[in-house]
Amino acid sequence: DGGITQSPKYLFRKEGQNVTLSCEQNLNHDAMYWYRQDPGQGLRLIYYSQIVNDFQKGDIAEGYSVSREKKESFPLTVTSAQKNPTAFYLCASRPGLAGDTQYFGPGTRLTVL
Amino acid sequence: EDQVTQSPEALRLQEGESSSLNCSYTVSGLRGLFWYRQDPGKGPEFLFTLYSAGEEKEKERLKATLTKKESFLHITAPKPEDSATYLCAASYNFNKFYFGSGTKLNVKP
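So the protein lines, in turn, are chains A and B.
Position one of the first sequence corresponds to residue 3 (the numbering used here), numbered consecutively onward.
Position one of the second sequence corresponds to residue 395 (the numbering used here), numbered consecutively onward.
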């Protein structure tokens with residue numbers, strides 16, 4: 003099946019720890035995105051990547067880092083510098099030049115203990 | 395400032411009671427307006443893309459329309475399984491997308 007997978011589904015972190023959220027897609031999409039969703043708020047863009055080995059900061063990049071070494075993978079690291087990381091994290095991909103619509107993965111819920 | 399506003403925040407309907415959700419945008423040079431459905435604890439599911447004022451798209455009980463300032467998602471004779479949060483997003487370059495905070499729809503049997 004083609005699609006976007008995110009793992010884990012639930013993640014618990016102690017304060018001061020870095021954690022990495024996985025996002026993989028087998029849709030052959032060029033662009034990938036990370037969003038954060040908090041209750042009652044819209045999706046806020048953390049980072050996006052249009053091609054391999056290139057990425058740009060979104061509106062709330064502080065305390066997060068990403069890499070794009072492979073077309074199909076776009077992992078997000080939540081560092082200890084992120085002061086309020088408890089949220090629902092969504093990864094999305096878009097075909098790129100061949101398409102304009104984003105498609106989303108199932109999400110990872112991160113909770114800081 | 396580019397932004398998207400959705401109203402109402404929450405909507406309760408009886409089964410069969412048609413209504414509309416609103417998405418107002420101030421994104422300059424809009425190139426695409428997107429509607430998604432999101433169930434609790436899940437990722438958004440793509441519904442429609444609209445590109446220009448006057449465009450309409452339909453899928454089962456849902457119809458999306460677009461004007462120069464807003465988009466509507468019309469729900470005709472809704473069923474309980476239509477209960478979800480509906481998100482809209484706007485983009486001027488298909489690289490960045492501006493999302494509204496959503497309308498939570500609850501359809502009672």
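Each residue gets a CB set at the ideal place from its N, CA and C atoms; glycine is no exception.
- Item | 8 Å CB neighbourhood of K11/A in its chain, flanking five on each side removed | Counting from 1 along the first sequence, the entry for residue 11/A is found at position 9. Cβ neighbours of K11/A beyond the five flanking positions: P108, G109, T110 and R111.
- Message: Against T443/B, what residues of chain A qualify as contacts under a CB-to-CB distance less than 8 Å, listed in chain order?
- Response: The sequence position of residue 443/B within the second sequence is 49, counting from 1. Within chain A, the residues near T443/B are D102 and T103.
- Task: Return yes when at least one heavy atom of the ligand ADP lies under 6 Å from the C-beta of V21/A, else no.
- Result: This structure lacks the ligand ADP; in fact it carries no ligand of any kind.
- Item | Exposure label - P503/B; buried when at least 16 CB within 10 Å | Residue mapping note: residue 503/B aligns to position 109 of the second sequence, counting from 1. Result: exposed.
- Leaving out five residues before and five after F491/B in sequence, what residues of the same chain have Cβ atoms less than 8 Å from its Cβ? Numbered from 1 along the second sequence, position 97 holds the residue referred to as residue 491/B. Around F491/B: F428, A483, A484 and S485.
- Item | Any C-beta of chain A under 7 Å from that of K436/B | Start at 1 with the first residue of the second sequence, and residue 436/B comes out as number 42. Taking Cβ atoms only, chain A reaches closer than 7 Å to K436/B, which makes this a yes.
- Query: Helix, strand or coil: which one does DSSP assign to E475/B?
  - Reply: To locate residue 475/B, count along the second sequence from 1; it is residue 81. E475/B: helix per DSSP, three-state reduction.
- Task: Would you mind telling me which residues of chain A sit closer than 9 Å to N489/B, beta carbon to beta carbon, in chain order?
- Result: What you label residue 489/B is simply residue 95 of the second sequence in a count that begins at 1. The contacting residues are A33, Y50, Q52, Q58 and R96.
- Item | 3 or more residues per run - each beta strand (DSSP E) lying fully within the region 35 to 107 of chain A | 46 to 53, 56 to 59, 66 to 68, 78 to 80 and 89 to 96
- G437/B vs F106/A beta-carbon contact at 7 Å: Taking the second sequence and counting its residues from 1, the one referred to as residue 437/B is at position 43. Taking the first sequence and counting its residues from 1, the one referred to as residue 106/A is at position 104. Yes.
- Which residues in the same chain as K85/A place their Cβ atom closer than 8 Å to its Cβ, once the five residues preceding and following it in sequence are excluded? One-based indexing of the first sequence puts residue 85/A at position 83. Result list for K85/A: G65, in chain order.
- Using a C-beta cutoff of 7 Å, does Q43/A count as contacting chain B? Residue mapping note: residue 43/A aligns to position 41 of the first sequence, counting from 1. Chain B, which has a Cβ nearer than 7 Å to the Cβ of Q43/A, makes this yes.
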